[in-house]
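*Asks:* Let me begin by handing over the structure; questions about it come next.
Residue numbers (the numbering used here): 8 to 127.
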């Protein structure tokens, strides 16, 4: 299951995310969606809903992790998976370090969110 934009924004609000992290997440989502739409126009099959949700939620647990010193990619992935958003959790887990080799002919949602996050 993939949460809607509205559900993602509610999760962000409920998480107590710092304002600058929220602003960053909104920008990452904007860039990631732009890239995804352009790739789809060129024949790719990027899941736009997955990219948007993962980009919005990639730093869901970062505010808390600033205090606990945990890896926010792992804690965010775990939190989202426990909420039933396994696909989103899988992308969030990869937003800092991609664990698999990339294929230049088949761009993944993980790569898009990873790139958009680095760009901002």
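A virtual CB, placed ideally from N, CA and C, is assigned to each residue, including glycine. Computed from a predicted model, the values in this text were never measured in an experiment.
Within a Cβ cutoff of 6 Å, which residues of the same chain sit near residue 100, ignoring the five residues on either side of it in sequence?
*Replies:* Result list for residue 100: 80, 84, in chain order.
*Asks:* Suppose you measure from the CA of residue 108 to the CA of residue 116; what does that come to, to the nearest Å?
*Replies:* Roughly 13 Å between the two C-alpha positions.
*Asks:* Which residue from 94, 28, 87 puts its Cα closest to that of residue 73?
*Replies:* If we check each option's Cα against that of residue 73, 28 comes out closest.
*Asks:* Where does residue 102 land, buried or exposed, given buried means 16+ other C-beta within 10 angstroms?
*Replies:* Residue 102 should be labelled buried.
*Asks:* Could you check the C-alpha separation between residue 86 and residue 53 for me, to the nearest Å?
*Replies:* Distance between the alpha carbons of residue 86 and residue 53: 24 Å.
*Asks:* Give me the Cβ distance between residue 19 and residue 56, rounded to the nearest whole Å; I'm assuming they're in contact under 8 Å.
*Replies:* 16 Å between Cβ atoms; not a contact.
*Asks:* For the ligand ZN, any of its heavy atoms closer than 7 Å to the Cβ of residue 88?
*Replies:* Absence of the ligand ZN is noted for the structure shown, with no ligands found whatsoever.
*Asks:* Counting only the same chain and skipping the five closest in sequence on each side, list residues whose C-beta sits under 8 Å from that of residue 33.
*Replies:* The answer, listed in chain order, is 63.
*Asks:* Mark residue 59 as exposed unless 16 or more other C-beta atoms lie within 10 angstroms of its C-beta, in which case mark it buried.
*Replies:* Residue 59 comes out buried.
*Asks:* Just to confirm my understanding: we take residue 22, look at its own chain, exclude 5 residues before and 5 after, and list those with CB closer than 8 Å. What are they?
*Replies:* Here the set comprises 67, 68, 70, 71.
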